[in-house]
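In the working numbering, the protein residues as written are 544 to 875.
A short write-up of the structure that comes next.
Listed below in structure tokens is the structure:
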């Protein structure tokens, strides 16, 4: 009888000691899974909410070790595609339909949270010592803080992983616990292979197969005004100018916080045009733009926008830009 008990007790110890998969186990295994990978490829759908408007993007992300990233975002309302590319030469925001790219000397994507990058998701979980963890229906759920320095409305997120530790969806919330961004992952491949020139700028443009419905317009039918203005500021002048190809409108806003807004028709360049910039990539509702200390520029619906002020800070520049009419996907 004693011999039998000696056998049973160790077995019971093994069952009870190893049967629980803790929060620490999940974080450690997720860390190993993502950090040890030399590459990955994922697909998903990104939804952004701004007031009553909802914007949807088809997202593809490619990663290869040594800091090679390629993120393709296609606005489903107008097929407007932009690519964020990082390679050994720098960081680019590419608009293939216009044959145009902004080049940054930037630490993107490490400067703030990124809802569609696995490394960023992992870092947000690891860096929040006050995170909350739960298990529901064979899923692991983390609630963490986020770091979006140029969008202070975004304060927290909920990350849902399946039992194999693959992200299923992420929701980013404001301080009222309202979801403003949602990323749903539909495919994750942890062992893709990429051609040698896959992360080159030339290949990004050549490999784009999206037919962009907003790539070029020749006339500005109407000026598009911001719906949100700083207190004590108003439009004082507006001038339309003919360009060699297309038109340009210059709007001057004066008052307590003056600024200049330029809108002009976009046209495709015959050759790839690279524009060096000191700013950072910034995602508005329907387009990636360039956010610098005193300016913000972006393109949408065949129109290029340039917003500049010596007085407005970056948050105020973004507020004005976000209020300018864009092309949303209709709400649910």
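Glycine included, each C-beta is placed from N, C-alpha and C at the ideal position.
Determine whether the beta carbon atoms of residue i and residue j lie at a separation below 7 Å.
{"i": "residue 876", "j": "residue 612", "result": "Shown here, the chain extends from 544 to 875; a query on residue 876 therefore has no answer."}
{"i": "residue 774", "j": "residue 639", "result": "no"}
{"i": "residue 591", "j": "residue 724", "result": "yes"}
{"i": "residue 586", "j": "residue 730", "result": "yes"}
{"i": "residue 829", "j": "residue 618", "result": "yes"}
{"i": "residue 496", "j": "residue 600", "result": "In the structure as shown, the chain starts at 544 and stops at 875, and residue 496 therefore has no counterpart that could be examined."}
Can you tell me whether residue i is helix, strand or coil according to DSSP?
{"i": "residue 772", "result": "coil"}
{"i": "residue 749", "result": "helix"}
{"i": "residue 863", "result": "helix"}
{"i": "residue 630", "result": "strand"}
{"i": "residue 723", "result": "strand"}
{"i": "residue 732", "result": "strand"}
{"i": "residue 666", "result": "helix"}
{"i": "residue 558", "result": "Caution is warranted here: a pLDDT of 39 is assigned to residue 558, below 50, making its placement in the model unreliable, and the coordinate value is therefore given only provisionally. Three-state DSSP puts residue 558 in a helix."}
{"i": "residue 763", "result": "coil"}
{"i": "residue 797", "result": "strand"}
{"i": "residue 692", "result": "coil"}
{"i": "residue 652", "result": "coil"}
Since residue i is in the beta strand (DSSP E), which residue starts that stretch and which ends it?
{"i": "residue 805", "result": "802-808"}
{"i": "residue 678", "result": "675-679"}
{"i": "residue 842", "result": "838-843"}
{"i": "residue 605", "result": "596-607"}
{"i": "residue 700", "result": "699-704"}
{"i": "residue 854", "result": "Premise fails: residue 854 is in no beta strand (DSSP E) and is neither H nor E."}
Keeping to the same chain, check which residues put their C-beta closer than 7 Å to that of residue i; ignore five residues upstream and five downstream.
{"i": "residue 862", "result": "771"}
{"i": "residue 817", "result": "644 and 646"}
{"i": "residue 663", "result": "652, 656 and 657"}
Go to residue i, then tell me how far its alpha helix (DSSP H) extends in each direction, as first and last residue.
{"i": "residue 566", "result": "566-578"}
Counting only the same chain and skipping the five closest in sequence on each side, list residues whose C-beta sits under 6 Å from that of residue i.
{"i": "residue 781", "result": "794"}
{"i": "residue 791", "result": "784 and 807"}
{"i": "residue 796", "result": "776, 778 and 802"}
{"i": "residue 602", "result": "587, 589, 616 and 659"}
With a CB to CB cut of under 8 Å and the five nearest residues on each side skipped, what residues in its chain are close to residue i?
{"i": "residue 516", "result": "This structure cannot speak to residue 516, because the chain is shown only from 544 to 875."}
{"i": "residue 624", "result": "615, 616, 617, 618, 638, 639, 640, 751, 753 and 755"}
{"i": "residue 610", "result": "629, 630 and 631"}
Evaluate residue i with the Cβ neighbour count: other Cβ atoms within 10 Å of its Cβ, from every protein chain shown; 16 or more gives buried, anything less gives exposed.
{"i": "residue 683", "result": "buried"}
{"i": "residue 667", "result": "buried"}
{"i": "residue 758", "result": "Residue confidence is low: residue 758 scores 49 on pLDDT, short of 50, so the model does not pin down where it sits. No coordinate-derived value is stated."}
{"i": "residue 823", "result": "buried"}
{"i": "residue 653", "result": "exposed"}
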